Amino acid sequence: MIGVTAYGAYVPRYRLERKAVAKAMAWINPAVWGLAGGEKAVANVDEDPITMAVAAVRNAARNAPDPQCGALHVASVTFPYSERQNAVIAREALNLPETAVTLDVTGSTRAGTSALLAALNQVASGTARRAWVAAAEVHRAKMGSADELLFGDAGAALAVGTESVLAAFVGSFTLTADFPGPLRETEKKLPRSWEERWVRDEGYLSLIPKAVAAYAEKANLTPERIATVIYPCPYPREHALIGKRLGLPPEKVADPLAAQVGDTGTAHPLLMLCRALETASPGDHLLVVGFGNGVDVLHFQATDAVASFKPARTFDALLARKATLIPYEKAVAFRELVPVETGIRGEFQAETPLSVLWRNRRAVLGLQGTRCTRCGTPQFPPQRICAVGECQAVDEMEPYLFSDKSARIFSYTGDNLAFSLDPPQIYGIVDFDEGGRMMLDFTDCSLESIRVDQPVELHLRRKYHDAQRGVHTYFWKAVPIETPGQ
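Per the UniProt record's numbering, the very first residue in the sequence shown carries number 1; after that it's consecutive.
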């Protein structure tokens with residue numbers, strides 16, 4: 001039996017109310033008022049598809065029976081790099097083995113389900129016993145466009161294997177079509193699309209029912225046997241109409257999450273699948289649909305084990321962990337859509353020494369330090385000589401992973417002189433519960449919301465973007481936990 005063995009989502013903390021976008025931009029496009037209901041998830045300034053894919057995998061892996069996998073497939077149409085594999089950066093951060101097969105899957109919003117199909121085939125062929133699949137997006141859109149209100153940012157991850165299967169893979173169907181939906185040249189930041197009504201009527205309303213009906217006929221699957229059908233469509237009316245055309249009652253159509261998160265591109269079908277698996281019952285048939293230059297249909301059946309697994313942070317907990325991003329202009333600045341005054345300190349970025357990064361990649365990307373085998377003290381950065389004065393053992397160190405350890409704030413400061421697009425820059429010292437101390441930047445917080453001795457968890461984030469040389473540099477930051485257990 002091959003199927004999903006673990007799952008987890010990631011929704012960034014910030015939410016942007018759509019009415020705030022409409023108030024700011026309806027002067028150029030009054031039609032956006034028709035899309036101004038609800039809110040959408042917005043990535044922080046230090047988040048991108050790599051960091052959110054890593055966060056989703058870590059959410060799934062914490063309760064997974066065996067988080068180590070022989071492959072990692074990462075899907076996105078908003079990758080930071082066109083030439084430098086994004087998945088291999090994620091592999092380093094996740095501390096997966098160097099022998100793991102890594103793959104970037106991109107080119108259309110169907111890439112998330114295409115990556116899942118590739119992983120299933122890889123496990124079926126025996127070239128990997130287990131594989132991780134992750135998808136994430138951090139969207140950019142023209143100010144005042146419909147896309148600006150429809151798009152959302154999020155990530156999702158699934159583990160695929162043959163042991164402890166939660167949802168068995170039954171079959172699939174793929175329909176490819178060079179449908180003129182969203183397109184973006186390699187050199188450009190912003191996508192464009194053909195006329196919106198055309199995309200709705202000839203794209204979503206035509207291709208998705210056609211593909212699902214074709215698979216149902218192939219598999220002799222009737223609507224009565226299906227528990228949940230998952231398909232992306234950011235337009236509420238058309239989303240409901242697709243279900244009607246398939247003969248499905250509303251309770252069998254998964255919530256598209258448009259009002260809470262937005263359209264998260266390649267991640268969206270996997271994100272919806274993560275949510276559906278949290279409430280699935282043994283024996284449930286689930287159809288997962290990916291849309292973009294065609295349609296993927298994947299059929300899973302929940303096993304008796306489905307109720308035994310929950311990610312470290314459930315989907316409802318992710319939705320509850322939120323803060324409103326205000327003003328709207330801040331979201332625009334985060335995506336580098338308009339130039340803003342950075343001051344002298346924000347104008348210069350020292351070059352990243354890639355040779356040094358290579359030598360220290362396990363420490364920088366994997367947050368791997370050392371622990372003295374004589375006195376047991378964890379230390380970062382990695383040391384040859386124990387930093388404990390009474391010990392000072394030489395070359396008696398073993399590798400020690402800090403990224404999955406709990407910690408608390410020892411001290412912090414808010415720096416209004418250091419440049420930050422989300423000022424003030426907050427940093428300080430954290431003490432790890434199992435030993436060790438580290439100075440880190442803090443993120444996803446404000447000076448008013450943090451306190452000494454507050455628990456934190458560590459997340460991979462973008463340290464800075466060297467736009468002049470095209471280098472994104474990553475490191476780990478402390479995220480204060482506002483409510484323990486959330």
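For each residue, glycine too, the CB sits at the ideal point set by N, CA and C. On a predicted model such as this, the values are computed, not experimentally measured, just so you know.
Please classify residue i as buried or exposed, where buried requires at least 16 other C-beta atoms within 10 Å of its C-beta.
i, result
"Gly485", "Caution is warranted here: a pLDDT of 45 is assigned to Gly485, below 50, making its placement in the model unreliable, and no coordinate value can be reported."
"Ile242", "buried"
"Asn416", "exposed"
"Ser411", "exposed"
"Asp48", "buried"
"Ser76", "buried"
"Gln454", "buried"
"His472", "buried"
"Gly346", "exposed"
"Lys218", "exposed"
"Gly34", "exposed"
"Ile326", "exposed"
"Trp358", "exposed"
"Arg237", "exposed"
"Lys210", "exposed"
Alpha carbon to alpha carbon, how far is residue j from residue i? Give it in angstroms, no decimals.
i, j, result
"Gln368", "Pro378", "10 Å"
"Lys244", "Pro250", "8 Å"
"Ala55", "Glu92", "13 Å"
"Ala141", "Glu351", "29 Å"
"Ile50", "Val4", "22 Å"
"Ala363", "His239", "46 Å"
"Tyr427", "Met439", "7 Å"
"Glu83", "Leu221", "42 Å"
"Gly70", "Val123", "9 Å"
"Ala90", "His459", "12 Å"
"Thr136", "Pro191", "For the record, residue 136 in the displayed sequence is Ala; it is not Thr. Between Ala136 and Pro191, the C-alpha separation is close to 17 Å."
"Gln468", "Val338", "17 Å"
"Tyr314", "Gln392", "Here residue 314 turns out to be Thr, not Tyr, going by the sequence shown. The straight-line gap from Cα to Cα measures roughly 44 Å."
"Glu195", "Asp147", "12 Å"
"Val138", "Ala154", "7 Å"
"Phe402", "Leu298", "37 Å"
"Thr102", "Val170", "25 Å"
"Ala168", "Gly247", "24 Å"
"Ile226", "Phe151", "29 Å"
"Leu318", "Arg13", "8 Å"
"Asp104", "Glu390", "48 Å"
"Ile2", "Ser108", "26 Å"
"Trp476", "Leu365", "8 Å"
"Thr324", "Ala331", "11 Å"
"Asp46", "Arg461", "6 Å"
"Arg408", "Gly294", "48 Å"
Mind checking which residues open and close the beta strand (DSSP E) that includes residue i?
i, result
"Thr279", "Thr279 -> not in any beta strand (DSSP E); alpha helix (DSSP H) instead, spanning 268-279."
"Arg437", "437-441"
"Arg461", "455-466"
"Ile230", "228-230"
"Pro480", "471-480"
"Glu39", "39-42"
"Ser172", "167-176"
"Phe300", "294-302"
"Cys375", "Looking at the DSSP string, Cys375 is not in any beta strand (DSSP E), and its letter there is neither H nor E."
"Ala6", "3-10"
"residue 504", "The displayed coordinates of the chain run from 1 to 486. Any statement about residue 504 would go beyond what the structure contains."
Please list the terminal residues of the continuous alpha helix (DSSP H) segment that includes residue i.
i, result
"Ile242", "236-245"
"Ile344", "343-347"
"Trp358", "354-359"
"Arg18", "18-25"
"Lys142", "No alpha helix (DSSP H) contains Lys142, which DSSP labels as neither H nor E."
"Val212", "205-219"
Is there a Cβ from chain D that is less than 8 Å from the Cβ of residue i?
i, result
"Lys405", "In the displayed structure, chain D is absent; only one protein chain is listed."
Examine the ligand FMN and report whether any of its heavy atoms sits within less than 7 Å of the Cβ of residue i.
i, result
"Glu341", "Among the components modelled here there is no ligand, and therefore nothing to report on the ligand FMN."
message = I want to know whether the segment 276-291 touches the segment 119-136 - three or more CB-CB distances under 8 Å.
response = no
query = So, do the segment 269-280 and the segment 245-260 have three or more beta carbon pairs nearer to each other than 8 Å?
reply = yes
message = Please give me, in chain order, every unbroken run of the alpha helix (DSSP H) with length at least 4 that falls completely inside the segment 53-133.
response = 86-94, 111-125
Inter-stretch contact (C-beta, 8 Å, three-pair minimum) for the segment 175-183 and the segment 205-217 = yes
ask   = Would you say the segment 179-194 touches the segment 23-33, given that touching needs at least three Cβ pairs under 8 Å?
value = no
query = What beta strand (DSSP E) runs, 3 residues minimum, are completely inside the segment 383-424?
reply = 397-401, 407-415
inquiry  = Contact between the segment 378-388 and the segment 5-14 is defined here as three or more beta-carbon pairs at a separation below 8 Å; is this criterion met?
reply    = no
key: Contact the segment 358-374 vs the segment 391-399: 3+ CB pairs below 8 Å   = yes
The segment 41-48 in contact with the segment 56-65 per 3-pair CB rule at 8 Å = no
inquiry  = I'd like to know if the segment 155-170 and the segment 91-98 are in contact, where contact means that at least 3 CB-CB pairs between them fall below 8 Å.
reply    = no
message = Extract the residue ranges of the alpha helix (DSSP H) inside the segment 306-341, only unbroken runs of 4 or more that lie entirely within it.
response = 315-320, 328-334
task = Count the C-beta pairs between the segment 109-116 and the segment 287-302 that are closer than 8 Å, then say yes if the count reaches three, no if not.
result = yes
ask   = How about the segment 227-241 and the segment 198-208: do they share at least three Cβ pairs that are nearer than 8 Å?
value = yes
ask   = On the three-pair Cβ rule with 8 Å, is the segment 304-311 touching the segment 160-171?
value = yes
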